[in-house]
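Undergrad: If you're matching them up, the sequences are chains A and B in order.
For the first sequence, the numbering used here gives the first residue as 6, with consecutive numbering after it.
For the second sequence, the numbering used here gives the first residue as 18, with consecutive numbering after it.
A virtual CB, placed ideally from N, CA and C, is assigned to each residue, including glycine.
Let me begin by handing over the structure; questions about it come next.
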Amino acid sequence: MTGESVALDPIAIPTRSRTPFLGFRNVFRKEAMEWLRGRGALVVGIVSIGLAVFTTLLPFLQAATAPAGTPPLSRDPTVNVLLGWNGQSTAIVALLATMGLISTERDRGTLAWSLTNPVSPTSIIAGKFAAALLVFGAVGVVVPLAVSVVVAAFAYGALPDLAVVGRFTVLYLMVPAFFIAVMVAVGTGVKATAGIAAIGFLVLLAPPLLGAVLPVVNEISPTSIARWVSATATGQAASTLTLVGWVLSMTALAIGGKLVFDRQEF
Amino acid sequence: MTNAISTRALTKHYEGVQALTDLTLDVPAGSVYGFLGPNGAGKTTALKVLAGLARATSGSATINGIPVSAAGLHRSQLGYLAQDPRFYGWMTGRETLRYVARFRPSDSEREQRITKLLERVGIADAGDRPTSTYSGGMRQRLGIAQALVGRPAVILLDEPVSALDPIGRKHVLELMQELKGETTVFYSTHILDDVQRVSDHVAILDHGRLVKAAPTEVLLASFTHNMLRVVVAGATSETEGALRTLPGVTAATLASREGDASTYEVTTVEGAGADVQRAITRLAVDTGLTLISNAAETLDLETVFLRLIDQKEVAA
Chain A
6 MTGESVALDP IAIPTRSRTP FLGFRNVFRK EAMEWLRGRG ALVVGIVSIG
56 LAVFTTLLPF LQAATAPAGT PPLSRDPTVN VLLGWNGQST AIVALLATMG
106 LISTERDRGT LAWSLTNPVS PTSIIAGKFA AALLVFGAVG VVVPLAVSVV
156 VAAFAYGALP DLAVVGRFTV LYLMVPAFFI AVMVAVGTGV KATAGIAAIG
206 FLVLLAPPLL GAVLPVVNEI SPTSIARWVS ATATGQAAST LTLVGWVLSM
256 TALAIGGKLV FDRQEF
Chain B
18 MTNAISTRAL TKHYEGVQAL TDLTLDVPAG SVYGFLGPNG AGKTTALKVL
68 AGLARATSGS ATINGIPVSA AGLHRSQLGY LAQDPRFYGW MTGRETLRYV
118 ARFRPSDSER EQRITKLLER VGIADAGDRP TSTYSGGMRQ RLGIAQALVG
168 RPAVILLDEP VSALDPIGRK HVLELMQELK GETTVFYSTH ILDDVQRVSD
218 HVAILDHGRL VKAAPTEVLL ASFTHNMLRV VVAGATSETE GALRTLPGVT
268 AATLASREGD ASTYEVTTVE GAGADVQRAI TRLAVDTGLT LISNAAETLD
318 LETVFLRLID QKEVAA
């Protein structure tokens with residue numbers, strides 16, 4: 006420990022204009038690396054690809070198992086590629102994969118350690134959100150849909166409509182974006198991972214239940230965004246209220262998460 | 018001398034606990050500043066406020082002239098080592114340093130500096146191993162390296178040696194000494210020996226309040242400069258009285274007697290120490306005493322610390 010000295014001339018002070026996202030790039034890079042080196046991305050990928058292939062081949066399973074006389078499912082490759090994405094499986098996988106994004110780090114003390122560096126709290130939560138969305142979007146949406154396209158092409162003997170699937174893929178990123186944003190925003194204030202998960206599932210399940218008695222909830226709820234994406238990508242009528250609800254919710258989550266996280270002490 | 022850290026009436030109140038009260042402190046640039054206090058004195062709270070991990074209830078602080086705030090700008094001037102440092106277990110030691118360094122503006126010498134720092138803290142061999150395999154001592158060393166990797170003007174170390182074995186403790190203290198003049202080291206500890214060994218300044222905190230802040234030498238001298246410890250052989254029952262009558266002496270008491278050697282504590286009036294020492298020498302010659310020692314009393318920091326804490330408790 007008495008080796009050659011390292012020069013420690015104080016460094017330049019960053020300009021104030023960078024302050025809100027001070028250190029964002031480094032946090033983002035670290036988060037993406039953590040997803041890829043850990044098992045998170047692999048597990049999300051395997052589950053999502055498995056579900057996508059399963060739903061793409063559903064007409065074959067139906068034909069093999071349904072009682073005689075049951076009307077057959079469509080053998081349209083595009084329909085079958087998009088078939089499984091209207092449910093809640095992506096939301097559930099997103100909730101489970103990201104519920105500990107902040108709480109785990111808080112528990113193990115690395116969140117406080119990161120915050121002793123020149124990094125703004127906003128950059129921490131924005132970096133976590135952006136990296137989670139990028140990785141989840143890739144392994145939980147883009148790759149499974151790409152695999153589905155290949156599987157459908159072989160299974161149904163025709164290539165799905167790539168323009169529709171492409172449009173759907175891009176728009177569908179709004180689904181994990183919302184649920185990851187919920188987990189990050191809730192994680193800024195709730196310390197227990199179980200509590201964060203409970204709130205996430207409440208957000209997922211409450212709107213459909215409310216919607217049963219108050220139909221307008223289904224229309225404005227950001228949890229309906231998957232249906233909006235599906236309708237928009239396939240050229241069907243879609244309520245603008247759902248998009249507005251999604252945008253407003255994302256804005257509220259971003260502002261709320263920032264305000265809560267700025268008040269945290271470690 | 019410019020100040021690397023300045024706090025003004027810094028106060029931190031947690032629900033039901035007054036952790037820090039009106040802490041006003043100036044830490045000179047380039048110093049190794051020991052922040053002393055018993056457990057629960059508020060040392061960690063003060064360091065966390067300075068690092069921006071906790072918000073002050075009132076008061077203000079600057080690091081190298083930049084106000085401490087939640088936005089984190091002041092942390093560009095800062096390296097911080099927590100009491101129990103934690104790192105990402107999947108990163109290697111080298112990657113950990115790279116992660117911290119990347120929060121600062123990039124420079125061409127970064128990788129070279131990382132390698133040198135790993136060598137400097139003695140974990141070069143383990144630099145490419147995941148930190149999850151590190152022992153507590155290695156984590157502490159990595160913690161010091163990561164505090165230094167951004168070339169900060171100030172490093173805050175929270176109990177940097179308390180978890181180390183004697184060899185590790187020695188190495189870290191040596192490193193802290195090497196850093197003198199290179200950067201400002203502000204560290205908390207309750208190990209008084211360490212402060213006396215490496216700190217040129219010391220602040221003592223108790224129950225969240227600053228008891229004393231001074232250069233270490235001045236602090237020690239302030240408790241001893243009016244007191245002489247006189248050891249003579251051949252003393253009689255009249256020696257104590259004779260010492261009391263010397264000009265400039267306000268009190269003289271027999272502290273101990275061991276064989277033929279008697280030890281007296283002689284208190285002098287302010288600034289008369291040297292004259293009294295000469296008078297004692299003359300007295301010894303005139304009365305046939307053998308003067309073994311006639312020196313200003315030296316106290317260690319532990320004694321000073323305990324006296325200060327005791328005084329504060331009596332005053333309270």
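Taking Cβ-Cβ distances shorter than 7 Å, what residues in chain B pair up with valine 124 of chain A?
TA: Per Cβ cutoff of 7 Å: Gly89, Phe120.
Undergrad: Closer than 8 Å, Cβ to any Cβ of chain B: which residues of the segment 41 to 52 of chain A, in chain order?
TA: Under the 8 Å Cβ criterion, the segment 41 to 52 of chain A contributes Arg42, Gly43.
Undergrad: Go through its chain and collect everything with a Cβ distance to glutamate 9 of chain A's Cβ below 6 Å, but skip five positions before and after it.
TA: Reliability fails at glutamate 9 of chain A, whose pLDDT of 43 lies under 50, so the model's placement of it is uncertain and the value that follows must be treated cautiously. Hits under 6 Å: none found.
Undergrad: Contact criterion: CB-CB distance below 9 Å. Does phenylalanine 272 of chain A meet it with respect to chain B?
TA: No answer is possible for residue 272 of chain A: the residues shown for chain A start at 6 and end at 271.
Undergrad: Starting from serine 235 of chain A, trace the alpha helix (DSSP H) in both directions and tell me its first and last residue.
TA: Here the alpha helix (DSSP H) through serine 235 of chain A covers 230 to 238.
Undergrad: Grab the span of the alpha helix (DSSP H) containing threonine 262 of chain B for me, first residue to last.
TA: Where threonine 262 of chain B is concerned, there is no enclosing alpha helix (DSSP H), given that its DSSP letter is neither H nor E.
Undergrad: Applying the criterion that 16 or more other CB atoms from any shown protein chain within 10 Å of the CB defines a buried residue, is glycine 276 of chain B buried or exposed?
TA: Exposed is the call here.
Undergrad: By the criterion of Cβ-Cβ separation under 9 Å, what are the contact partners of glycine 69 of chain B in chain E?
TA: Although the question refers to chain E, the structure presented lacks it and instead comprises the protein chains A and B.
Undergrad: Can you pull the chain A neighbours of valine 117 of chain B, defined as C-beta to C-beta under 8 Å?
TA: Per Cβ cutoff of 8 Å: Asn122.
Undergrad: Taking C-beta to C-beta, are threonine 60 of chain A and glutamine 67 of chain A nearer than 9 Å?
TA: Contact flag unset, no.
Undergrad: Given a cut-off of 9 Å on the beta-carbon distance, is the pair leucine 53 of chain B and serine 23 of chain B in contact?
TA: No, the Cβ-Cβ distance between leucine 53 of chain B and serine 23 of chain B is not below 9 Å.
Undergrad: For a minimum of 4 consecutive residues, which ranges assigned as the alpha helix (DSSP H) are wholly contained in the segment 212 to 264 of chain B?
TA: Counting only runs of 4 or more, we get 233 to 239, 256 to 261.
Undergrad: What number of angstroms, rounded off, separates the C-alpha of isoleucine 18 of chain A from the C-alpha of threonine 256 of chain A?
TA: Here isoleucine 18 of chain A scores only 42 on pLDDT, less than 50, and its place in the model is too uncertain to base an answer on.
Undergrad: What are the boundary residues of the alpha helix (DSSP H) that includes valine 175 of chain A?
TA: First-last of the alpha helix (DSSP H) with valine 175 of chain A: 167 to 177.
Undergrad: In the DSSP assignment, what residue or residues form a beta bridge with valine 171 of chain B?
TA: In the DSSP output, where bridge partners are listed per residue, valine 171 of chain B has B/Leu95, B/Thr201.
Undergrad: Identify the continuous alpha helix (DSSP H) that holds tyrosine 50 of chain B and give its terminal residues.
TA: Looking at the DSSP string, tyrosine 50 of chain B is not in any alpha helix (DSSP H); the run it does join, the beta strand (DSSP E), is 49 to 53.
Undergrad: Glutamate 275 of chain B bridges to which residues according to DSSP?
TA: Answer by DSSP bridge pairing, in chain order: B/Ala278.
Undergrad: I want to verify the contact list: residues of chain B whose CB lies under 9 Å from the CB of alanine 117 of chain A, in sequence order.
TA: Under the 9 Å cutoff, chain B gives Lys65, Ala68, Leu70, Ala99, Arg103.
Undergrad: Could you round the C-beta distance between lysine 29 of chain B and alanine 71 of chain B to whole angstroms and report it? I think they count as a contact, below 8 Å.
TA: Contact holds; Cβ gap of about 6 Å.
Undergrad: Give me the residue from B/Ala231, B/Gly305, B/Ala58, B/Gly258 with the minimum Cα distance to glutamate 282 of chain B.
TA: Per the Cα distances, B/Gly258.
Undergrad: Looking at chain A, is there any beta carbon in it that lies within less than 9 Å of the beta carbon of glycine 76 of chain B?
TA: Taking Cβ atoms only, chain A never reaches closer than 9 Å to glycine 76 of chain B, which makes this a no.
Undergrad: Shortest alpha-carbon distance to leucine 248 of chain A belongs to which of A/Arg232, A/Phe266, A/Gly240, A/Gly194?
TA: If we check each option's Cα against that of leucine 248 of chain A, A/Arg232 comes out closest.
Undergrad: If we ignore side chains and look at the alpha-carbon of each, how far apart do phenylalanine 240 of chain B and leucine 260 of chain B end up?
TA: Whole-angstrom Cα-Cα distance: 21 Å.
Undergrad: Could you pull the start and end residues of the alpha helix (DSSP H) that aspartate 182 of chain B belongs to?
TA: Taken as a continuous stretch (DSSP letters only), aspartate 182 of chain B belongs to no alpha helix (DSSP H), as it is neither H nor E.
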